[in-house]
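A.B. asks: The numbering of the sequence shown is my numbering, which starts it at 126 and goes up by one.
Glycine residues also receive a C-beta, built at the ideal position from the N, C-alpha and C atoms.
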Amino acid sequence: MQVKFINRSHHPLPKYETALSAGMDLRAFLPDGPVTLKPLERGLIKTGLFMELPAGYEAQVRPRSGLALKKGITVLNSPGTIDADYRGEICVILINLSNEEFVINDGERIAQMVIARHEQAEIVEVQELTDTERGTGGFGHTGKK
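Take a look at the structure:
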């Protein structure tokens, strides 16, 4: 499968870092200089990338585990979904969940993107759903252990 990119940044195109990687890193494109996120502040960070996905695929934008663990930086709408018919710039909504300011520099790896196949469901309205052992139980209904 091919995914077409336009790169308006001065950074390399995303790539898989290892042979079995599911995601590829997205880099901040900040030609006007660094962006600082204060504690609990969110911001829309541009990448300078535009892409064309094949029909039946989506791109999921997810946090980078190292940034989340070490700095408290995550993707606010995780996973963010990029539909196959979207042609705008790929941007990432980051939030600082730490107690310290976080500076995002141009070219910094800020998120990862996973390309995934998906289906569109046929929506059917009914009056009843089939019974299951679980039923309506949710949100911890099976206990702690």
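For I229 versus V160, is the C-beta distance shorter than 8 Å?
C.D. replies: Cβ atoms of I229 and V160: closer than 8 Å.
A.B. asks: Report yes or no: do the segment 206 to 219 and the segment 164 to 177 share at least 3 C-beta pairs separated by less than 8 Å?
C.D. replies: Because the criterion of three Cβ pairs below 8 Å is met, the segment 206 to 219 and the segment 164 to 177 touch.
A.B. asks: Candidates M238, E183 and A147: which alpha carbon is nearest Q245's?
C.D. replies: Out of M238, E183 and A147, E183 has the C-alpha closest to the C-alpha of Q245.
A.B. asks: Exposed or buried, which one is Q237 when buried takes at least 16 other CB atoms within 10 Å?
C.D. replies: When all chains shown are included, Q237 counts as buried.
A.B. asks: Can you check DSSP and say which residues form a bridge with Q185?
C.D. replies: DSSP, once it has assigned bridges, lists T206 and V239 as partnering Q185.
A.B. asks: Identify the continuous beta strand (DSSP E) that holds G197 and give its terminal residues.
C.D. replies: From DSSP, G197 is part of no beta strand (DSSP E); its letter is neither H nor E.
A.B. asks: For the beta strand (DSSP E) containing E250, name the first residue and the last one.
C.D. replies: Careful: E250 lies outside any beta strand (DSSP E) and carries neither H nor E.
A.B. asks: If you count every other CB in all the chains shown that lies within 10 Å of the CB of I198, and 16 or more means buried, which is it?
C.D. replies: It is buried - the Cβ of I198 has at least 16 other Cβ atoms within 10 Å.
A.B. asks: Shortest alpha-carbon distance to V186 belongs to which of L162, L219 and P156?
C.D. replies: When only C-alpha atoms are compared, the closest one is L219.
A.B. asks: Can you give the Cα-Cα distance for K195 and L138, rounded to whole angstroms?
C.D. replies: Looking at the two C-alpha atoms, the distance is approximately 25 Å.
A.B. asks: Do L151 and V217 come within 8 Å of each other at the CB atom, strictly closer than that value?
C.D. replies: Cβ distance < 8 Å, so V217 and L151 count as in contact.
A.B. asks: P188 and E225 - do their beta-carbons sit closer together than 8 Å?
C.D. replies: No, they are not a contact pair.
A.B. asks: Given a cut-off of 8 Å on the beta-carbon distance, is the pair L162 and N221 in contact?
C.D. replies: Yes, these two residues count as a Cβ contact at 8 Å.
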